[in-house]
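Asker: So that we are looking at the same thing, I have put the structure below in structure tokens.
2 protein chains.
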Amino acid sequence: MAKKTSPTTSNTEVKKRKMNATDQKTMAALTGLADEIVGAAERGRAPHLDVPSRSLSNVRYNSTKRFIEMGNGKNRRELFNLSQAKSYMQTVLVSSGCKQLIEEDKTTSIRGLYYLLKHTIEGAREETFDDQADCDPVIEDVEVTLNTLREELHVYASNRGSMVGNITFIDSGDEIDCSRMGSGGYSIPSIVEPDIIQFKKSDAKFVLHVEKDTVWRRFNEDKFWRQHNCILTHGGGQPPRGVRRLLHRLHNELNLPVYCLLDNDPWGYYIYSVIKQGSINLAYESKRMAIPNARYIGLRSKDYDRCNLSPSVTIALSDTDIKRAKQIASYPWFEKKKPWQKEIEQMLKNGFKLEVEALISKTISYVTEEYVPARLAEGDFLD
Amino acid sequence: MAKKTSPTTSNTEVKKRKMNATDQKTMAALTGLADEIVGAAERGRAPHLDVPSRSLSNVRYNSTKRFIEMGNGKNRRELFNLSQAKSYMQTVLVSSGCKQLIEEDKTTSIRGLYYLLKHTIEGAREETFDDQADCDPVIEDVEVTLNTLREELHVYASNRGSMVGNITFIDSGDEIDCSRMGSGGYSIPSIVEPDIIQFKKSDAKFVLHVEKDTVWRRFNEDKFWRQHNCILTHGGGQPPRGVRRLLHRLHNELNLPVYCLLDNDPWGYYIYSVIKQGSINLAYESKRMAIPNARYIGLRSKDYDRCNLSPSVTIALSDTDIKRAKQIASYPWFEKKKPWQKEIEQMLKNGFKLEVEALISKTISYVTEEYVPARLAEGDFLD
Numbered sequence: 008m009a010k011k012t013s014p015t016t017s018n019t020e021v022k023k024r025k026m027n028a029t030d031q032k033t034m035a036a037l038t039g040l041a042d043e044i045v046g047a048a049e050r051g052r053a054p055h056l057d058v059p060s061r062s063l064s065n066v067r068y069n070s071t072k073r074f075i076e077m078g079n080g081k082n083r084r085e086l087f088n089l090s091q092a093k094s095y096m097q098t099v100l101v102s103s104g105c106k107q108l109i110e111e112d113k114t115t116s117i118r119g120l121y122y123l124l125k126h127t128i129e130g131a132r133e134e135t136f137d138d139q140a141d142c143d144p145v146i147e148d149v150e151v152t153l154n155t156l157r158e159e160l161h162v163y164a165s166n167r168g169s170m171v172g173n174i175t176f177i178d179s180g181d182e183i184d185c186s187r188m189g190s191g192g193y194s195i196p197s198i199v200e201p202d203i204i205q206f207k208k209s210d211a212k213f214v215l216h217v218e219k220d221t222v223w224r225r226f227n228e229d230k231f232w233r234q235h236n237c238i239l240t241h242g243g244g245q246p247p248r249g250v251r252r253l254l255h256r257l258h259n260e261l262n263l264p265v266y267c268l269l270d271n272d273p274w275g276y277y278i279y280s281v282i283k284q285g286s287i288n289l290a291y292e293s294k295r296m297a298i299p300n301a302r303y304i305g306l307r308s309k310d311y312d313r314c315n316l317s318p319s320v321t322i323a324l325s326d327t328d329i330k331r332a333k334q335i336a337s338y339p340w341f342e343k344k345k346p347w348q349k350e351i352e353q354m355l356k357n358g359f360k361l362e363v364e365a366l367i368s369k370t371i372s373y374v375t376e377e378y379v380p381a382r383l384a385e386g387d388f389l390d
Numbered sequence: 008m009a010k011k012t013s014p015t016t017s018n019t020e021v022k023k024r025k026m027n028a029t030d031q032k033t034m035a036a037l038t039g040l041a042d043e044i045v046g047a048a049e050r051g052r053a054p055h056l057d058v059p060s061r062s063l064s065n066v067r068y069n070s071t072k073r074f075i076e077m078g079n080g081k082n083r084r085e086l087f088n089l090s091q092a093k094s095y096m097q098t099v100l101v102s103s104g105c106k107q108l109i110e111e112d113k114t115t116s117i118r119g120l121y122y123l124l125k126h127t128i129e130g131a132r133e134e135t136f137d138d139q140a141d142c143d144p145v146i147e148d149v150e151v152t153l154n155t156l157r158e159e160l161h162v163y164a165s166n167r168g169s170m171v172g173n174i175t176f177i178d179s180g181d182e183i184d185c186s187r188m189g190s191g192g193y194s195i196p197s198i199v200e201p202d203i204i205q206f207k208k209s210d211a212k213f214v215l216h217v218e219k220d221t222v223w224r225r226f227n228e229d230k231f232w233r234q235h236n237c238i239l240t241h242g243g244g245q246p247p248r249g250v251r252r253l254l255h256r257l258h259n260e261l262n263l264p265v266y267c268l269l270d271n272d273p274w275g276y277y278i279y280s281v282i283k284q285g286s287i288n289l290a291y292e293s294k295r296m297a298i299p300n301a302r303y304i305g306l307r308s309k310d311y312d313r314c315n316l317s318p319s320v321t322i323a324l325s326d327t328d329i330k331r332a333k334q335i336a337s338y339p340w341f342e343k344k345k346p347w348q349k350e351i352e353q354m355l356k357n358g359f360k361l362e363v364e365a366l367i368s369k370t371i372s373y374v375t376e377e378y379v380p381a382r383l384a385e386g387d388f389l390d
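Protein sequences appear in the order of chains H and P.
Residues in the first sequence are numbered from 8 upward in steps of one, following the working numbering.
Residues in the second sequence are numbered from 8 upward in steps of one, following the working numbering.
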């Protein structure tokens, strides 16, 4: 969906194009929304939109599906209601902007969409949006209202994360062989839907997802993925949507286990939680992003003893760390898991956290040559 | 230098390897430093290091070379001086850590080097480094003392920025064809020295460097680089070392003009200034990074009128913006350039800044189909 029909076609003469299945579906949802509004107006009724509520009270953990999902709560947004008219207008405006993007077969960032739609309302001094923060939640509203992914609306999130390993796929018509990507790797785009990326061939046995690019680089430099026949990804911290969606596709379409090598701190636990169960904020996208079978491969609170680490490489827990750790321990999906409770308790007892990079104090390649191979051989993961 | 000799070689049994020319040179500098210290000790003198001063007073603009460079000021660091002993020890320690990295033919991040060297000093309660901030300036000290790039010491900076376009090169033995990189592009690594990356073939006529990944994506999606036969890069804001060094190599080794498409704000001006003249902080690396012939292709203060933009897409200048703009106008390399003085004056007169993304308010592909092609055709750049 990101291909332009022809580089010489000017914007002003965009023709109706043959849409792919995803675009057709999204377009149907967008025009369906517009039809409802017109229908209401024609029947002499006040136009309104029912927007699923993204508040905490409308989010729950589904223990069967094992991910966070949204409930059925909705908020009505009416045109003829002084306090709702502006957000009603904004919702319709964002929908029409996305329609334009799909029609022209182009994508843009949330910043781009904001600029595309920002203008002074005719006959008034009011702006459609005052600033970016005014526009962002409306984009999420449109996503949930239409039950589409942001990417399907041709709006992309940030571009962060890289991949190398034994997999070949097509990206926008180009064949990408991730075993021949040099030191930099393939930069994971934010839109990785099947219209853009089609998997071709993979011998890989699993995906190793590491938290940071610095750690990823150690694994790539040591050609870990070649020796262990895997795919190596990172998300630059909390992985952005594109990385999460790609992991989800690798897991579900290619049946690859996903192992996460994260820091032994509340932030590392939280990243794992988001990869596995989804996040509260993006609960409506869990079904396409959450990987309930993802495994946590380290670092662990017991590693200080197990790996015989020096006190020099420990970092004392802050008050915020302690508070966050307790919050995470009480998440419904961690609450009943003894190994996780033990893991978090041990960290609190230790009084310190450990970064994956700290393993370099053993030897430079300890993490790739000993730590991860040992965990894989033992099958010592947290679930 | 990023290749491991053999994936099964354990760290403990690293053999003397055949070093490439860069590593030999860096190694000679490192052992030279150590020899001086030993020599002093043997002659019964107090060991010391002379570290070039990285303070503002030791930095100047060289109007012949047209970049910022360091002066000859040095600070002596003595072992037998209570206030200098620790920083003396740290400097020697970082040097020895880099020597180890080169010997093992491995690279690491500044975080990794910190963990590699952090320990409690024997017989004392003192740590070698208290935290990362304690270690980072010492790495820079070693760089300037040995007149080497951080990358040559096998320490890398952050990994940010992507590239696509008509160029083929070898990265760590893999052939990378940047015209077949899909939507994500080639992720520019932080070490791009000739040992890692060898250019093979390029038909490209110029490099278009844009500020942000979101803008880069618009150009890639519209296949601008194919139509205009160029290389397209971004640096995720202020470009990291790897991106600057790669631009420098593309410019000098392949004789490609470098055009920078940046925001019409003090930050955009500053990014241009760093790409072109180098930065005060990394003045000692200017000769390998600065591109005095780089050209600024926009956005311009006159674009509000020239492109007939809506007041809705302007962003009012903050007090900080105004202060920064005046500072930049007084930089020696902007001070005598009338077009730049006019540019900055006009921005201050406008009272607002403009982001490249704001051009989407014309049409989605205005920037790729009209704005940049028009500037290239007119040759309307700032120098």
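Using N, Cα and C, we set each Cβ at its ideal position, and we do this for glycine too.
Just tell me which of Ala301(P), Ser286(P), Asp272(P) has its CA closest to the CA of Leu257(P).
Answerer: For the purposes of this step, residue 257(P) is identified with residue 250 of the second sequence, where counting begins at 1. If we check each option's Cα against that of Leu257(P), Ala301(P) comes out closest.
Asker: Check whether chain P comes within 7 Å of Ala365(H), counting only Cβ atoms and requiring the distance to be less than that.
Answerer: By 1-based counting over the first sequence, the position of residue 365(H) is 358. Yes, contact with chain P.
Asker: Run down chain H in chain order and give the residues with a C-beta less than 7 Å from the C-beta of Tyr122(P).
Answerer: Position 115 of the second sequence holds residue 122(P). Correct list: Val320, Glu364, Ala365, Ile367, Ser368.
Asker: Spatial neighbours of Cys142(H) within its chain, please: C-beta separation below 6 Å, excluding the five flanking residues on both sides.
Answerer: Along the first sequence, one-based indexing puts residue 142(H) at 135. Cβ within range, chain order: Tyr121, Phe136.
Asker: Helix or strand or just coil, what does DSSP make of Ile367(P)?
Answerer: If you number the second sequence from 1, residue 367(P) lands on position 360. Ile367(P): helix per DSSP, three-state reduction.
Asker: Any Cβ of chain H within less than 7 Å of the Cβ of Thr12(P)?
Answerer: Reading the second sequence from its first residue, position 5 is the one you call residue 12(P). No answer about Thr12(P) holds up, because its pLDDT of 40 lies below 50 and its placement is not dependable.
Asker: Just tell me which of Glu385(H), Glu76(H), Glu377(H) has its CA closest to the CA of Gln284(H).
Answerer: In the first sequence, the residue the question calls residue 284(H) occupies position 277. Taking only the C-alpha atoms, the option nearest Gln284(H) is Glu76(H).
Asker: Is any beta-carbon of chain H found at less than 7 Å from that of Val21(P)?
Answerer: On the second sequence, residue 21(P) is found 14 positions in, with the first residue counted as 1. Unreliable positioning characterises Val21(P) in this predicted model, as indicated by a pLDDT of 49, which lies under 50. The coordinate reading is nonetheless provided below. No, Val21(P) lies away from the interface with chain H (no Cβ there is under 7 Å from its Cβ).
Asker: Using a beta-carbon distance cut-off of less than 7 Å, what residues from the stretch 121-146 of chain P approach chain C?
Answerer: Looking for chain C here will not work: the only protein chains present are H and P.
Asker: What alpha helix (DSSP H) runs, 4 residues minimum, are completely inside the stretch 22-110 of chain H?
Answerer: List check, alpha helix (DSSP H) in window: 28-49.
Asker: From the DSSP output, read off the bridge partner residues of Gly305(H).
Answerer: The sequence position of residue 305(H) within the first sequence is 298, counting from 1. Note: Gly305(H) sits in a beta bridge opposite Leu268(H).
Asker: Are the C-beta atoms of Lys25(H) and some chain P residue less than 7 Å apart?
Answerer: As a working mapping, residue 25(H) is identified with position 18 in the first sequence. Chain P contact via Cβ: absent.
Asker: Let's test the definition: count the other Cβ atoms within 10 Å of the Cβ of Ala290(H) and tell me whether it reaches 16, buried, or not, exposed.
Answerer: The residue given as residue 290(H) occupies position 283 in the first sequence. Ala290(H) comes out buried.
Asker: Roughly how many whole angstroms lie between the Cα atoms of Asp202(P) and Glu352(P)?
Answerer: Sequence index remark: in the second sequence, residue 202(P) carries index 195 (1-based). Sequence index remark: in the second sequence, residue 352(P) carries index 345 (1-based). Cα to Cα, Asp202(P) sits roughly 45 Å from Glu352(P).
Asker: Keeping to the same chain, check which residues put their C-beta closer than 6 Å to that of Asp57(P); ignore five residues upstream and five downstream.
Answerer: Here the question's residue 57(P) lines up with position 50 in the second sequence. Excluding positions up to five away in sequence, the list reads Lys81, Arg83.
Asker: For the alpha helix (DSSP H) that Asp141(P) lies in, which residues bound it at each end?
Answerer: Translated into the one-based positions of the second sequence, residue 141(P) becomes position 134. Here the alpha helix (DSSP H) through Asp141(P) covers 139-153.
Asker: Could you tell me whether any Cβ in chain P is nearer than 7 Å to the Cβ of Glu292(H)?
Answerer: To locate residue 292(H), count along the first sequence from 1; it is residue 285. Closer than 7 Å: no.
Asker: Thinking His216(P) and Tyr266(P) are a contact (beta carbons under 8 Å), I'd like their distance in whole angstroms, please.
Answerer: Your numbering for residue 216(P) matches position 209 in the second sequence. Your numbering for residue 266(P) matches position 259 in the second sequence. Indeed they touch by this definition, with Cβ atoms about 7 Å apart.
Asker: According to DSSP, is Glu200(H) part of a helix, a strand, or is it coil?
Answerer: On the first sequence, residue 200(H) is found 193 positions in, with the first residue counted as 1. Three-state result, Glu200(H): coil.
Asker: What does the alpha-carbon distance come out to for the pair Thr12(H) and Ser372(P)?
Answerer: By one-based count along the first sequence, residue 12(H) stands at place 5. By one-based count along the second sequence, residue 372(P) stands at place 365. Legend: pLDDT at Thr12(H) = 40, less than 50; position of this residue unreliable, value from coordinates given subsequently. Near 13 Å, if we compare the C-alpha coordinates of Ser372(P) and Thr12(H).
Asker: Nearest by alpha-carbon distance to Asp112(H): which of Leu160(H), Ile304(H), Gly191(H) is it?
Answerer: What you label residue 112(H) is simply residue 105 of the first sequence in a count that begins at 1. For the residues Leu160(H), Ile304(H), Gly191(H), the minimum Cα distance to Asp112(H) belongs to Leu160(H).
Asker: Taking the Cβ atom as the reference point for each residue, do Arg67(P) and Gly78(P) lie within a distance shorter than 7 Å?
Answerer: Walking along the second sequence from the start, residue 67(P) turns up at place 60. Walking along the second sequence from the start, residue 78(P) turns up at place 71. Yes.
Asker: Nearest to Val320(H) by CA position, among Gln91(P), Ser286(P), Glu43(P), Thr127(P), is which residue?
Answerer: Taking the first residue of the first sequence as 1, we reach residue 320(H) at position 313. It is Thr127(P).
Asker: So, are the CB atoms of Val162(H) and Pro59(H) less than 7 Å apart?
Answerer: Here residue 162(H) refers to the residue found at position 155 of the first sequence. Here residue 59(H) refers to the residue found at position 52 of the first sequence. Cβ atoms of Val162(H) and Pro59(H): not closer than 7 Å.
Asker: Identify which residue in Thr375(P), Leu355(P), Gly358(P) has its Cα closest to the Cα of Glu364(P).
Answerer: To locate residue 364(P), count along the second sequence from 1; it is residue 357. It is Thr375(P).
Asker: Along the chain, where does the alpha helix (DSSP H) that runs through Phe226(H) open and close?
Answerer: Reading the first sequence from its first residue, position 219 is the one you call residue 226(H). 220-228 is the extent of the alpha helix (DSSP H) around Phe226(H).
Asker: Based on the DSSP output, what are the partners of Glu158(P) in its beta bridges?
Answerer: By one-based count along the second sequence, residue 158(P) stands at place 151. Beta-bridge pairing links Glu158(P) to no other residue.
Asker: Taking only three categories from DSSP, how would you classify Glu293(P)?
Answerer: Here residue 293(P) refers to the residue found at position 286 of the second sequence. A quick correction: the sequence has Ser, not Glu, at residue 293(P). The answer is helix: DSSP assigns Ser293(P) an H, G or I state.
Asker: What does the Cβ neighbour count give for Asn154(P), buried or exposed, with the cut at 16 atoms within 10 Å?
Answerer: Against the second sequence, residue 154(P) aligns to sequence position 147. Its Cβ having fewer than 16 others within 10 Å, Asn154(P) is exposed.
Asker: Could you name the residues of the stretch 217-229 of chain H whose beta carbon sits closer than 8 Å to any beta carbon of chain P, in the order they occur along the chain?
Answerer: So the close ones are Asp220, Thr221, Arg224, Arg225, Glu228, Asp229.
Asker: Closest to Asp181(P) by CA distance: which of Ser186(H), Arg331(H), Asp178(H) is it?
Answerer: Residue 181(P) sits at position 174 when you count from the first residue of the second sequence. Per the Cα distances, Ser186(H).
Asker: Bridge partners for Leu324(P) per DSSP, in chain order?
Answerer: By one-based count along the second sequence, residue 324(P) stands at place 317. In DSSP, Leu324(P) forms no bridge with anything.
Asker: If you check the beta carbons only, do Pro246(H) and Ala332(H) fall under 7 Å apart?
Answerer: By one-based count along the first sequence, residue 246(H) stands at place 239. By one-based count along the first sequence, residue 332(H) stands at place 325. Cβ atoms of Pro246(H) and Ala332(H): not closer than 7 Å.
Asker: For the beta strand (DSSP E) containing Gly243(H), name the first residue and the last one.
Answerer: Residue 243(H) sits at position 236 when you count from the first residue of the first sequence. Counting along the chain, Gly243(H) falls outside any beta strand (DSSP E), and DSSP gives it neither H nor E.
Asker: Let me make sure I understand the geometry here. Which of Lys93(P), Met354(P), Thr98(P) has the alpha-carbon closest to that of Ala131(P)?
Answerer: Here residue 131(P) refers to the residue found at position 124 when the second sequence is read from its first residue. Closest by alpha carbon: Lys93(P).
Asker: Report the neighbours of Gln193(P) on chain H: residues whose CB is nearer than 9 Å to its CB, in chain order.
Answerer: Working through the second sequence from its first residue, we reach residue 193(P) at position 186. Looking at the sequence itself, residue 193(P) is Tyr, so the reference to Gln does not match. Within 9 Å Cβ-Cβ: Met188, Gly189, Gly191, Gly192, Tyr193, Ser194.
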